[in-house]
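In what follows, a single structure is set out as structure tokens and then discussed.
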Amino acid sequence: MNHKIISIHQGIARMPEWRFTQPVDFEMCKGEQIAIVGPNGGGKSMLVDIIIGKHPLITHSPKYDFTPSKKQLVSENIKYITFRDCYGGDNDRTYFLQQRWNQQEIDTETPTVGSKLEEAFLLSGEDTPKHRALQQHIYELFGLENLLDKYIILLSSGELRKFKLAGMLFSNPRILILDNPFIGLDAETRDKLKVLLKTLATEEGLLIILVLSKTDDIPDFITHVVEVSDMTVKPKRLAADFIKQQAEVPAHILEESKRSLILNLPAKDKVYHAKEIVRMNHVKIQYGERTILKDLDWTVRNGECWALSGQNGSGKSTLLSLVCADNPQSYACDITLFDQPRGSGETIWQIKKHIGYVSPELHRAYQKDMPAIRIVASGLKDSVGLYSKPNPEDYDVCRFWMRVFGLKGLEDKSFLKLSSGEQRLVLLARAFVKDPELLILDEPLHGLDLRNRRLVKDIIETFCKRPNKTLIMVTHYKEELPACINNYIYLTKN
Numbered sequence: 007m008n009h010k011i012i013s014i015h016q017g018i019a020r021m022p023e024w025r026f027t028q029p030v031d032f033e034m035c036k037g038e039q040i041a042i043v044g045p046n047g048g049g050k051s052m053l054v055d056i057i058i059g060k061h062p063l064i065t066h067s068p069k070y071d072f073t074p075s076k077k078q079l080v081s082e083n084i085k086y087i088t089f090r091d092c093y094g095g096d097n098d099r100t101y102f103l104q105q106r107w108n109q110q111e112i113d114t115e116t117p118t119v120g121s122k123l124e125e126a127f128l129l130s131g132e133d134t135p136k137h138r139a140l141q142q143h144i145y146e147l148f149g150l151e152n153l154l155d156k157y158i159i160l161l162s163s164g165e166l167r168k169f170k171l172a173g174m175l176f177s178n179p180r181i182l183i184l185d186n187p188f189i190g191l192d193a194e195t196r197d198k199l200k201v202l203l204k205t206l207a208t209e210e211g212l213l214i215i216l217v218l219s220k221t222d223d224i225p226d227f228i229t230h231v232v233e234v235s236d237m238t239v240k241p242k243r244l245a246a247d248f249i250k251q252q253a254e255v256p257a258h259i260l261e262e263s264k265r266s267l268i269l270n271l272p273a274k275d276k277v278y279h280a281k282e283i284v285r286m287n288h289v290k291i292q293y294g295e296r297t298i299l300k301d302l303d304w305t306v307r308n309g310e311c312w313a314l315s316g317q318n319g320s321g322k323s324t325l326l327s328l329v330c331a332d333n334p335q336s337y338a339c340d341i342t343l344f345d346q347p348r349g350s351g352e353t354i355w356q357i358k359k360h361i362g363y364v365s366p367e368l369h370r371a372y373q374k375d376m377p378a379i380r381i382v383a384s385g386l387k388d389s390v391g392l393y394s395k396p397n398p399e400d401y402d403v404c405r406f407w408m409r410v411f412g413l414k415g416l417e418d419k420s421f422l423k424l425s426s427g428e429q430r431l432v433l434l435a436r437a438f439v440k441d442p443e444l445l446i447l448d449e450p451l452h453g454l455d456l457r458n459r460r461l462v463k464d465i466i467e468t469f470c471k472r473p474n475k476t477l478i479m480v481t482h483y484k485e486e487l488p489a490c491i492n493n494y495i496y497l498t499k500n
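Following this line, the structure appears as structure tokens:
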């Protein structure tokens, strides 16, 4: 008889808003490694909340048998990392979008990477030579040795994911649940992480549940797949069978009628018709003894579509913060935006009127409990939050872009009650809503399922066919790049 580690039979959540369309059946047995997959908004995270006991059930509560673990509490045996774009802890309550670039705003008591990881290690209660060897191995794997003295608040999105994963691995759980662990990591780190997880699963007996939006991210050590869609938990299947039977994503998702509407949007008044959108001459950005960018020369011309890539921590987001006028060091650099030198009299807000922007930093700062359409409308004012009421015409534009991004029917739903993938689509609609001359998309497809990835690529490709449109896009997945990309820049760590 299989040793059932987790068993949920005909589970029904007490609160109606947490319920699936059918009672939940889920089992995880010894030796199984499971991937929970499904479309954005399908219910994946809600299933995990039931598994970990966050959503109490009416009838049959989950049954657990964590043998041979001697830990008693579910929270001690199951560790769940959501990988939300946040830093965690009290600092998130006061985090603001530009804080990473404004080191003078950082409290001296803000923890460093090294102090928090050592704290996590000691809390595991296993300060043994073997566990110390694991700690060192993880440090080397993720390249954390050079980050130990860095403030957590200053970590890039990819560095933050490495930090959170390392701290959780130190806790030595019986079951580790990871929500989209590979997004935001460069290709080399993704491969190393898959090898590490496979080693921990096969040699240390760690049970792993991966929650994946991209079904092509399923590692080879996964034995079973549970698909969750339309708020229904489907029966567990062998991973090999699931992968074999996956339908291909269509070559294009965007409807022809919407494509035509985007192509024929009327031109705006008061736009820049600059020849050079960005020009940087010998740009250098340094924080203390850390040099992030050194002697960078870069020119982006009107109509060009650039792919910006590089290892985690190489300075990609820092570079974009200079273009978006979020980084105060931009005033000390030789930078020209829209044919206008920085510091020549233009304000940040005059620049931002012409830029559509989405990034992990923006998602992290945008924890606003307001209707999704108001989040989209805030893009018209370049604010995090909405402080002035849009007029009916503005709301019509917002509804148009929400329909384009497949968000029809979610206009009045609270942003915080959307899935992380739906939130990313809302923030993308926010970036497009003012029909900007420059699109800056930093990891725009984070957390999106395969169909939504194709949809967003279609939208980007269509938008950039219009005159006076320029694109800068960051991604660690080459297959995510839209067909319109015609220039590349790769940053290396200094």
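This note's numbering runs 6 ahead of the 1-based position in the sequence shown.
Backbone N, C-alpha and C fix where the C-beta goes; we use that ideal spot for every residue, glycine too.
Nothing here was measured: the structure is a model prediction, and the numbers come from that model.
Item, Value
"Quick one: which unbroken beta strand (DSSP E) runs of 3-plus residues sit fully inside the segment 436-470? Chain order, please.", "444-448"
"Could you tell me if Ile-183 is buried or exposed, where buried requires 16 or more neighbouring beta carbons within 10 angstroms of its beta carbon?", "buried"
"Leu-202 and Ile-214 look like a contact to me (Cβ under 8 Å); what is the Cβ gap, rounded to whole Å?", "The pair is not a contact, with the Cβ atoms about 11 Å apart (cut-off 8 Å)."
"Which same chain residues end up closer than 8 Å to Ile-283 when comparing Cβ atoms and leaving out the 5 residues on each side of it in sequence?", "Val-306, Arg-307, Asn-308, Glu-310, Leu-343, Phe-344, Glu-443, Leu-444 and Thr-476"
"Taking Asp-301 and Gly-48 to be in contact with their CB atoms under 8 Å, please state how far apart those CB atoms are, rounded to whole angstroms.", "Between Gly-48 and Asp-301 the Cβ distance is about 47 Å, and since that is not below 8 Å, they are no contact."
"Does Phe-248 come out as helix, strand or coil in the three-state DSSP assignment?", "helix"
"Whether or not the segment 442-462 and the segment 361-368 are in contact is what I'm after, with contact meaning three or more pairs of Cβ atoms, one per stretch, closer than 8 Å; do they touch?", "yes"
"Apply the 10 Å Cβ neighbour rule to Pro-225 and answer buried if 16 or more other Cβ atoms are within range, or exposed otherwise.", "buried"
"Helix, strand or coil: how does DSSP classify Thr-476 here?", "strand"
"Is Arg-370 helix, strand or coil by DSSP?", "helix"
"What is the residue span of the alpha helix (DSSP H) that Phe-32 lies within?", "That residue, Phe-32, is in no alpha helix (DSSP H); its beta strand (DSSP E) goes 30-35."
"Short of 6 Å in beta carbon distance, which residues of its chain neighbour Asp-340, apart from the five on each side in sequence? Order them along the chain.", "Asn-287"
"Give the range of the alpha helix (DSSP H) segment to which Asp-400 is assigned.", "398-410"
"Of the choices Lys-168, His-9, Ile-12 and Ser-67, whose alpha-carbon is the least far from that of Ala-19?", "Ser-67"
"Please work out which residues of its chain come closer than 7 Å, Cβ to Cβ, to Pro-29, disregarding the five sequence neighbours upstream and downstream, and give them in chain order.", "Gln-16, Gly-17 and Ile-18"
"In terms of residue numbering, what span does the alpha helix (DSSP H) encompassing Ile-189 cover?", "Neither: Ile-189 is in no alpha helix (DSSP H) and is coded neither H nor E."
"In chain order, which continuous runs of the alpha helix (DSSP H) of length 4 or greater are located wholly inside the segment 66-90?", "80-83"
"Roughly how many whole angstroms lie between the Cα atoms of Lys-419 and Ile-381?", "11 Å"
"Which residues in the same chain have their Cβ closer than 7 Å to the Cβ of Leu-212, if we skip the five residues on either side of it in sequence?", "Leu-182 and Leu-206"
"Decide if Thr-100 is buried, meaning its Cβ has at least 16 other Cβ atoms within 10 Å, or exposed.", "Caution is warranted here: a pLDDT of 45 is assigned to Thr-100, below 50, making its placement in the model unreliable, and no coordinate value can be reported."
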